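Taking the working numbering, I'd label the letters of the sequence shown as residues -8 to 360.
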Amino acid sequence: MTKGLNEESGNPPFLRENAGDREKWRIGILQELGTWLSRFDIPLIQLKVMTVIMLLIKRSKAAVHALLGTEVILALREVIRKSVVDDLKNRAVCLIGYIASEGPICRQTLIQNNFPEVISTEALKSMEDRSSPHERKLHYIRNISMALSSLTRPTGRDEPRYLQFRCTFPYFSRAFQEYFDDESIIADNCWSLANLMTDHENFLIIEEIIRFGFCPQLVRTLKSAKGDDERLDGALRATGNIATGTDQQTQVLLDNDFLGTAALLLENPELTVVRETCWVLSNITAGTRDQIQQFLEYPGLLTKVASILNKDDKRWLPVRIEAAWCQSNAIIMGTSKQQEALISSACIRAFCELLRSCKNINIHLVGQE
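Structure below.
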C-alpha cells in the first residue's frame, strides 16, 4: 500500500493560482477537477486535486453547492471505495465530512449517493486491517466518525432516515467496543445516534438502536465520563432522545440503570449536563406509573431534583424549569399515592417559588393544572 505521498512535486497547469476572476474560476473548474480525481493511475494528482477542492469550498459557499452537481462527488466515493493509498482515502473522508457540514442540501446529496454505507463499510474494513500502523488507523477512524456525525445532521425533510443509516450501526457498535476510551470517536458516534433520533416517527430508529444494544453502551459512557469529557454531551442527548420514544423503549433505559447514572449526573458541575439530565428524567416521569414509581423509589434521586428546584440563583433558572417538568409530569401522570410522595418531598413549595420567578407560560399552565 502506498503511504505518505510527497506533495511538493509539480502541480498540473490548471491547478496553478490565477489572477483573473477567482470566483468564476473556482466554480467552473470543478467539473474538470472531477475528471482528474478519477485518475487512479496518478495518485499524486488525486491528492493535489483534493487539496484544491478543499481550498475552493472553504473560500466559497457557492463552490460547495456547485460541487454537488459535478463528477467530484462520484469520484470521491470511488476514492474511498477503491484507492489503495491511505492518504487519499483519509483526505476524501475529510472532504465528505466538510461538505456534509455545509447544510441540508449537501447532506441530502451525499445520502442519495450512498455515502453512509460507503464510509461505514470502509471503517469496518480499516478496523479489520492489522497491517496498518495504529496511529494512522486511529486518525482515519476519527475522521470517519466525524464525517458520519456531519452526515447524520437533519436534512430538512420529514421522512425518517432509518433505511439510509441502519447500515452504519455495525460500525458504531464495533467502535463502542474497540475505541471506547477514545473521546473523539465515541463523542462523534454518540452525536450520530442522537441526530438520527430527531427524525419524524423516530421510534423506528430508536427500536433499531435498542436492537443493536446501544442503550447499555450509552449508559456506560455516561457513567465513565468525567469532568469535561467530550463524550458526555452526545451520550446524554442520545439517551434523552431514546426516552422520547414509546414507554417500552424508555423502559430499556431504566433496565440499564439510567436512574443510577442520573443521580451521579445531577451532581455534575456543568449546569448544561444537569439541565439535560433533568430533561431526560422529565421524559421518564411522563411515562407509565410503574416508571414514575421507579423514579420515586431510587435512593436520593427525588431529593436531588427537589434541591435543584430550590436553587436561588439566576444561572440555575433553565435547570430549575427542567426539574419542574420532571416533577410536574410525575404529579400529572402519577397515582394519588405517588402525588402524596411528591408533595412530601417539599417540591410543591419549591415549584411555587419557581412560578413567582419564571415568565415561562408553559410552566404556569402546568402549575395551574
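Just so you know, even glycine gets a beta-carbon here, dropped at the ideal spot from N, CA and C.
In this text, all values refer to a predicted model and were calculated from it rather than measured experimentally.
To the nearest whole angstrom, what separates the beta carbons of A138 and A178, a pair I think is in contact under 8 Å? With 8 Å as the limit, A138 and A178 do not qualify as a contact, their Cβ atoms being about 14 Å apart.
Would you please state the rounded distance, in angstroms, between the beta carbons of Y153 and N81? I believe it to be under 8 Å. The pair is not a contact, with the Cβ atoms about 29 Å apart (cut-off 8 Å).
In whole angstroms, what is the alpha-carbon distance linking S335 and L115? 54 Å
Determine whether the beta carbon atoms of M45 and L86 lie at a separation below 8 Å. yes
Can you check whether the CB of L300 is closer than 8 Å to the CB of A314? The criterion of a C-beta distance shorter than 8 Å is satisfied by A314 and L300.
Coarse secondary structure for T235, derived from DSSP in three states: Coil.
Looking only at its chain, what residues have a beta carbon closer than 6 Å to the beta carbon of F203, apart from the 5 residues adjacent to it on each side? F160, S164
By how many angstroms is the C-alpha of A185 removed from the C-alpha of C206? About 12 Å.
Quick check: the Cα distance between P95 and R144, rounded to an integer number of angstroms? Going from the Cα of P95 to the Cα of R144 covers about 8 Å.
Using a threshold of 8 Å, state whether the C-beta atoms of Q329 and I283 are closer than that. yes
Count the other CB atoms within 10 Å of the CB of C97; is the residue buried (16 or more) or exposed (fewer)? buried
Please identify the residue among L256, S273, V70 whose C-alpha is closest to the C-alpha of K217. L256
Identity of the residue in I110, S136, D281 nearest C158 by Cα: C158 has its Cα closest to that of I110, out of I110, S136, D281.
Relative to the alpha-carbon of E108, which residue among V84, R127, V210 has its alpha-carbon at the smallest distance? V84
What does the Cβ neighbour count give for G291, buried or exposed, with the cut at 16 atoms within 10 Å? With fewer than 16 Cβ atoms within 10 Å of its Cβ, G291 is classed as exposed.
Is A53 helix, strand or coil when you go by DSSP? helix
Please give the ranges of any alpha helix (DSSP H) in the stretch 130 to 161, keeping only runs that are unbroken, at least 4 residues long and fully inside the region. 153 to 156
So what does DSSP say about H125, is it helix, strand or coil? helix
Give me the Cα-Cα distance between R148 and Q208, rounded to the nearest whole angstrom. Using only the alpha carbons, I get a separation of about 29 Å.
How would you write the range of the alpha helix (DSSP H) that S74 sits in, first residue to last? It is not in any alpha helix (DSSP H) - S74 carries neither H nor E in the DSSP assignment.
R237, buried or exposed, once every other Cβ within 10 Å from all chains shown has been counted against 16: The sequence shown places Thr at residue 237, rather than the Arg named in the question. So T237 counts as exposed.
Measuring CA to CA, which of L65, V75, T26, C343 is closest to D303? C343
Output the distance between the C-alpha atoms of D32 and D78, rounded to the nearest integer angstrom. 15 Å
Using 10 angstroms around the beta-carbon of N105, count the other beta-carbons present and answer buried if the total reaches 16, otherwise exposed. exposed
Contact under 8 Å by Cβ, I275 with I233: no
What ranges does the alpha helix (DSSP H) occupy inside the stretch 186 to 272, keeping only unbroken runs of at least 4 residues that lie completely in it? If we require 4 residues or more, the alpha helix (DSSP H) runs fully inside the stretch 186 to 272 come out as 194 to 202, 205 to 215, 222 to 234, 238 to 246, 249 to 256.
Quick one, which of V210, V264, D219 has its alpha-carbon nearest D248's? Measuring C-alpha to C-alpha distances from D248 to each of V210, V264, D219 identifies V210 as the nearest.
Please list the terminal residues of the continuous alpha helix (DSSP H) segment that includes W27. Run containing W27: 21 to 28, per the alpha helix (DSSP H) assignment.
Given Q239 as reference, the closest of L227, G278, L272 once Cα atoms are compared: If we check each option's Cα against that of Q239, G278 comes out closest.
Output the boundary residues of the alpha helix (DSSP H) element that contains K116. 106 to 119
How about G25 and E62: are their beta carbons less than 8 Å apart? yes
Using only alpha-carbon positions, find the residue among G88, W270, T212 that is nearest to P309. W270
The alpha helix (DSSP H) with W316 in it runs from where to where? 308 to 324
Does the distance from the CB of T235 to the CB of N193 come in under 8 Å? yes
To the nearest angstrom, report how far apart L366 and R222 are at their CA atoms. Nothing can be reported for residue 366, as the shown portion of the chain is limited to -8 through 360.
I'd like to check one pair, T263 with L213: are the Cβ atoms closer than 8 Å? no
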